[in-house]
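K.L.:
In full-length UniProt numbering, the protein residues as written are 1 to 219. Quick reminder that beta carbons are idealized off the backbone N, C-alpha and C, glycines included.
1) At what residues does the beta strand (DSSP E) containing residue 194 begin and finish?
2) Return the chain-ordered list of same chain residues with a C-beta closer than 6 Å to the C-beta of residue 80, the five sequence neighbours on each side being excluded.
3) Report buried or exposed for residue 177, applying the criterion of at least 16 other Cβ atoms within 10 angstroms of its Cβ.
4) Rank 41, 24, 33 and 35 by C-alpha distance to the C-alpha of residue 211 and give the top, closest one.
5) Does DSSP put residue 2 in a helix, a strand or coil?
6) Tell whether a beta-carbon distance below 7 Å holds between residue 112 and residue 88.
7) Could you give the first and the last residue of the continuous beta strand (DSSP E) run that contains residue 106?
8) Tell me the DSSP secondary structure of residue 161 in three-state form.
9) Checking 7 Å against the spacing of the C-beta atoms, do residue 6 and residue 198 come in under that value?
10) With distances taken from CA atoms, which of 216, 48 and 105 is nearest residue 75?
11) Classify residue 52 as helix, strand or coil using the three-state DSSP reduction.
12) What are the start and end residues of the alpha helix (DSSP H) that includes residue 147?
13) List the whole-angstrom C-beta distance separating residue 161 from residue 107, where the pair is believed to meet the contact cut-off of C-beta under 8 Å.
14) Helix, strand or coil for residue 199 per DSSP?
15) In three-state DSSP terms, what is residue 76?
16) Select from 147, 37, 45 and 128 the residue whose C-alpha is nearest the C-alpha of residue 62.
17) What is the C-beta distance between residue 179 and residue 116, in whole angstroms, given that I count them as a contact (C-beta under 8 Å)?
18) Compare the Cα-Cα distances from residue 228 to each of 8, 66, 16 and 27 and report the closest residue.
19) Report, in whole angstroms, the separation of the C-beta atoms of residue 209 and residue 201, which I expect to be a contact under 8 Å.
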């Protein structure tokens, strides 16, 4: 089985996670970090797979470049090859930046209900396209990772196998709608799936999500 690297999105609160998953998790800081991948990690390891799910650096003191570098260092330190690189939500920016730096190590990019950046776009740029000022309550604070514009070579990403998973009951449906519009006109190596879940399928539809990841490994 191929190696999975799972990159989380913005730092989800335990309150949000517990509401979606029906669990009662508590952490010292009240945030999940990479812990929301725990069930996914367990499922992959139980199937004999290799998986890494790091917690990204603090979003108040780290930026997008720092997060990209963190994942690149993890890949190099563990000499990972043939990677299925999964990015959830904001994590779509991170995995794009990683693949641009080391495409030879990537088997496929999996965008899980994520923003799909163009070169020179930030997450806040995409959010501002999708939502009006009246929707500001759903937007994250403009912390460093979310305002930094991602620069990458689109030809490099074009050549890599890419998968988009759209969560049809997502709270951020406007973001995934923009992403799928881009895919429709982009060309390149794209495969598209849907899950009838919230923005966080590993919480409210875990078994279906795990099965889909295993299916993707065979593409």
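P.N.:
For this structure:
1) Residue 194 sits at position 194 when you count from the first residue of the chain shown. Note, residue 194: beta strand (DSSP E), 190–195.
2) Start at 1 with the first residue of the chain shown, and residue 80 comes out as number 80. Taken in chain order, the residues that qualify are 3.
3) In the chain shown, the residue the question calls residue 177 occupies position 177. Exposed, because fewer than 16 other Cβ atoms sit within 10 Å of the Cβ of residue 177.
4) Counted from its first residue, the chain shown places residue 211 at position 211. For residue 211, the nearest C-alpha among the options comes from 41.
5) Here residue 2 refers to the residue found at position 2 of the chain shown. Coil at residue 2, not helix or strand.
6) Taking the first residue of the chain shown as 1, we reach residue 112 at position 112. Taking the first residue of the chain shown as 1, we reach residue 88 at position 88. Cβ distance < 7 Å, so residue 112 and residue 88 count as in contact.
7) Here residue 106 corresponds to residue number 106 of the chain shown, with the count starting at 1. Per DSSP, residue 106 belongs to the beta strand (DSSP E) from 106–112.
8) Within the chain shown, residue 161 is the residue found at index 161, counting from 1. The answer is strand: DSSP assigns residue 161 an E or B state.
9) Translated into the one-based positions of the chain shown, residue 6 becomes position 6. Translated into the one-based positions of the chain shown, residue 198 becomes position 198. No; because the gap between Cβ atoms is not below 7 Å, this pair is not in contact.
10) Here residue 75 corresponds to residue number 75 of the chain shown, with the count starting at 1. Of 216, 48 and 105, the residue nearest in Cα terms is 105.
11) Locating residue 52 in the chain shown gives position 52, counting from the first residue. Three-state result, residue 52: strand.
12) Against the chain shown, residue 147 aligns to sequence position 147. Segment 144–147, the alpha helix (DSSP H) holding residue 147.
13) The sequence position of residue 161 within the chain shown is 161, counting from 1. The sequence position of residue 107 within the chain shown is 107, counting from 1. So it is a contact: roughly 7 Å between Cβ atoms.
14) In the chain shown, the residue the question calls residue 199 occupies position 199. In this structure, residue 199 counts as coil in the three-state DSSP scheme.
15) Translated into positions along the chain shown, residue 76 becomes position 76. The answer is helix: DSSP assigns residue 76 an H, G or I state.
16) Here residue 62 corresponds to residue number 62 of the chain shown, with the count starting at 1. The option with the nearest alpha carbon to residue 62 is 147.
17) In the chain shown, the residue the question calls residue 179 occupies position 179. In the chain shown, the residue the question calls residue 116 occupies position 116. Yes, they are in contact, since the Cβ atoms of residue 179 and residue 116 sit about 4 Å apart, within 8 Å.
18) Nothing about residue 228 can be read from this structure; the chain reaches only from 1 to 219.
19) Within the chain shown, the letter at position 209 stands for residue 209. Within the chain shown, the letter at position 201 stands for residue 201. The pair is a contact, with the Cβ atoms about 4 Å apart (cut-off 8 Å).
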